[in-house]
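Participant: I'd like to ask some things about the structure below.
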Amino acid sequence: MPRYVASRLVQGIFIVWLVTLMVFAMVHLTPGDPILILKGDAVVAPEVLDQMRARWGLDQPLPVQYLTWLTNILRGDFGRSLSFGGVPVATLIRQTLPNTLALNVLAYGLAIMVAVPVGLLAATRHNSLLDYLGTALMTVGVAIPNFWLALMLIIIFSLEFRWLPATGAGTWKHYILPVVALTLGQAALLARLTRAAVLEVLGEDYVRTARAKGLSEQAVLWRHVFRNVALPLVTIIGYRAAYFITGLVVIETVFAWPGLGRLAVSAIFRRDYLTVQAITLLTAAVVVSVNLVTDLLYAYLDPRIRYD
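Sequential numbering from -3 applies to the sequence shown in our numbering.
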């Protein structure tokens, strides 16, 4: 196990480095000069613009800029934001990350609490009216784009009825619409995957053998089905959590949520290279960590699994 963990850590570090390299190349090759964007309509002498580029290191060749940034990262220095008045990027992340984590934990936790029981119930009532109804709702939930759902929630509950705030954060009411917009699609998808996993286990020989021995349906479900469904569920929930983290960008933008995703969008439009690269590095590290934890939980839940 220690060798496996060390190997996965090395792989994770390589993946994170590769992601940062790709993002660095893409943001720097995108048309647009961040200094000119920062200047706006103001009349500034070309010499001053050159001085600003030199100050931010934008006059250096791209390999030099990347190596400088990577060296600073290893020292814990994320640099300063070009488009937010020179504020340290680490400060911007500290200000926005708690809001993103709060929204993430609430929405994904609620999605799991709804999806797993619904998926289990639909599978154990296979080919019943309840199963058909649940499957139809799951399909609709998966098919609806979350940005469209978010806009509909704003139109109905904020503009028409004026029950809930449409944008911003600060009170518990601000959480309701973005959490609902995030939860419904994820809950529908997790419920479908849970239902499929349970149906697969229900078709195994050992389940039919348990029923043939005269075990009650409840005993079969608890002793043989649910226990074996735990492994694929851990995989599903773990890997979807990694995707869920990256999927907050759209919702945070629609609801003007002061989180990491909205900060990333703003930094991209302003060509704020250091902020974009820092957020990408953080996101890649979180995704790799979640995947590693998922693999380790696999071994914990099933002692037969050993990583050599």
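For every residue, glycine included, the Cβ atom is placed at its ideal position computed from N, Cα and C.
For clarity, every value in this text was computed on a predicted model and none was experimentally measured.
Sort out for me which residues DSSP pairs P84 with in a bridge.
Facilitator: By 1-based counting over the sequence shown, the position of residue 84 is 88. Beta-bridge pairing links P84 to R76.
Participant: Note down the Cα distance separating Y235 from T290, rounded to an integer number of angstroms.
Facilitator: On the sequence shown, position 239 is the one that residue 235 refers to. On the sequence shown, position 294 is the one that residue 290 refers to. Distance between the alpha carbons of Y235 and T290: 8 Å.
Participant: Buried or exposed: which applies to G81, given that a residue is buried once 16 or more other Cβ atoms fall within 10 Å of its Cβ?
Facilitator: Here the question's residue 81 lines up with position 85 in the sequence shown. Here G81 is exposed, its C-beta having fewer than 16 other C-beta atoms within 10 Å.
Participant: Hey, how far is the Cα of L293 from the Cα of V230?
Facilitator: The count along the sequence shown starts at 1 and reaches residue 293 at position 297. The count along the sequence shown starts at 1 and reaches residue 230 at position 234. If I take the Cα positions, the gap works out to 8 Å.
Participant: Which full runs of the alpha helix (DSSP H) of 4+ residues lie inside the region 219 to 291, going along the chain?
Facilitator: 222 to 242, 244 to 250 and 256 to 265
Participant: Quick one: what's got a C-beta closer than 7 Å to L93's C-beta in the same chain, skipping five residues either side?
Facilitator: In the sequence shown, residue 93 corresponds to position 97, counting from 1. Correct list, in chain order: L256.
Participant: For H122, which three-state DSSP category applies?
Facilitator: Within the sequence shown, residue 122 is the residue found at index 126, counting from 1. Note: H122 maps to coil in three-state DSSP.
Participant: How many angstroms separate the CA atom of V114 from the CA atom of V1?
Facilitator: Working through the sequence shown from its first residue, we reach residue 114 at position 118. Working through the sequence shown from its first residue, we reach residue 1 at position 5. Using only the alpha carbons, I get a separation of about 34 Å.
Participant: Taking contact to mean 3 or more Cβ pairs, one atom from each stretch, closer than 8 Å, check whether the region 170 to 189 and the region 243 to 253 are in contact.
Facilitator: yes
Participant: State whether the region 190 to 207 contacts the region 152 to 167, with contact taken as three or more CB pairs (one from each stretch) at a distance under 8 Å.
Facilitator: no
Participant: Do you know whose CA, among Q7, L5 and T16, lies nearest L278's CA?
Facilitator: Mapped onto the sequence shown, residue 278 falls at position 282. The residue with the shortest Cα to Cα distance from L278 is T16.
Participant: So is A132 buried or exposed if we call it buried at 16+ other beta carbons inside 10 Å?
Facilitator: Here the question's residue 132 lines up with position 136 in the sequence shown. Result: exposed.
Participant: For W52, is the beta carbon positioned less than 7 Å from some heavy atom of the ligand HEM?
Facilitator: As presented, the structure is devoid of all ligands, the ligand HEM included, so that no description of it is given.
Participant: Quick one: is S77 buried, meaning 16 or more other Cβ sit within 10 Å of its Cβ, or exposed?
Facilitator: Walking along the sequence shown from the start, residue 77 turns up at place 81. It is buried - the Cβ of S77 has at least 16 other Cβ atoms within 10 Å.
Participant: Under 8 Å between the Cβ atoms of V194 and A119?
Facilitator: One-based indexing of the sequence shown puts residue 194 at position 198. One-based indexing of the sequence shown puts residue 119 at position 123. Contact flag set, yes.
Participant: From this set, L125, Y104, A111 and A184, which residue's C-alpha is nearest A139's C-alpha?
Facilitator: Here residue 139 corresponds to residue number 143 of the sequence shown, with the count starting at 1. Nearest of L125, Y104, A111 and A184 to A139, Cα basis: A184.
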